[in-house]
Amino acid sequence: MILASGHRAGILFVLSAGIFWSTSGILYRLLQEATPWHVLFYRSLALLGALLIWFVWRYRGAMSTKLVDAGVPALIGGLCLGTAFAGYILALEHTTVANAMFLLASAPFFAALAGRFLLGEGIASYTWVAMLVAAVGIAIMAGDELSLGKGLGEGFGLI
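One gets the working numbering by counting positions in the sequence shown from 1 and adding 1 to each.
Here's what the structure looks like:
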């Protein structure tokens with residue numbers, strides 16, 4: 002069976018994201034002189050550059066119109082993304098890479114909870130079981146460290 006090009010591109014994007022996310026903690030630890038704020042600045046600058054290139058390529062002359070049309074939801078999304086960027090880098094700074102990555106991997110479960118309570122979306126029973134398992138795993142992983150100062154990295158990781 003030959004996969005459609007869109008499906009192949011999706012697989013490639015998911016694999017690439019996994020590779021980049023799994024190596025980011027190691028690369029962060031290799032930085033000697035940079036503070037978390039330096040990393041956030043350059044990481045955000047790189048994202049801005051990539052988005053600008055994509056936007057110019059995709060929308061050419063209608064770029065300003067598209068930005069205005071995006072409106073408040075785009076601003077809220079940008080603020081949430083910026084907060085998540087900061088939470089991830091600060092989690093790497095204040096806890097182990099393994100803890101930060103585990104918390105990052107639990108994000109879909111928290112998204113399901115937010116969808117349920119903020120948007121009224123239903124959650125399948127198997128998703129509830131998966132969320133319970135994730136919560137138990139987080140508690141086991143961070144249980145001894147959840148005190149003021151020690152659980153700071155896990156708190157940032159949950160952002």
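For each residue, glycine too, the CB sits at the ideal point set by N, CA and C. It should be emphasised that the depicted structure is a prediction, and the values quoted were computed from it without experimental measurement.
Alpha carbon to alpha carbon, what distance is there between residue j and residue i?
i    : j    : result
R117 : R61  : 38 Å
E122 : A112 : 11 Å
G79  : A51  : 14 Å
F14  : I141 : 32 Å
A99  : I124 : 28 Å
R44  : M132 : 30 Å
G138 : A35  : 31 Å
L53  : A10  : 21 Å
L16  : S65  : 32 Å
S23  : M102 : 8 Å
S25  : A18  : 10 Å
G83  : Q33  : 23 Å
A108 : L49  : 23 Å
S6   : A75  : 28 Å
H39  : A106 : 24 Å
R59  : V73  : 21 Å
I77  : A115 : 15 Å
T128 : F56  : 36 Å
L31  : F21  : 15 Å
S1   : L104 : Lying outside 2 to 160, the shown extent of the chain, residue 1 is not represented and no answer is given.
Would you identify the three-state DSSP class for residue i, choosing helix, strand or coil?
i    : result
A51  : helix
T10  : First, the residue type needs correcting, since residue 10 is Ala and not Thr in the sequence shown. A10 falls in the helix class under three-state DSSP.
A18  : helix
A85  : helix
L149 : Because the pLDDT of L149 is 44, which lies under 50, any placement of that residue in the model is unreliable, and the question is left without a value.
Thinking residue i and residue j are a contact (beta carbons under 8 Å), I'd like their distance in whole angstroms, please.
i    : j   : result
L46  : A87 : Not quite, the Cβ-Cβ distance comes to about 14 Å (not below 8 Å), so this is no contact.
F110 : A71 : About 28 Å; that fails the 8 Å criterion.
Apart from the five residues on each side of it in sequence, which residues of its chain come closer than 6 Å, Cβ to Cβ, to residue i?
i   : result
P37 : I90, L91 and E94
Y29 : L93
K67 : Y60
Can you find a heavy atom of the ligand FAD that lies under 7 Å from the Cβ of residue i?
i   : result
G79 : Among the components of this structure there are no ligands whatsoever, and the ligand FAD is therefore not found.
- Item | Complete runs of the alpha helix (DSSP H) confined to the region 88–144 [at least 4 residues] | 98–106, 108–120 and 126–143
- Message: Please give me, in chain order, every unbroken run of the alpha helix (DSSP H) with length at least 4 that falls completely inside the region 24–83.
- Response: 37–60
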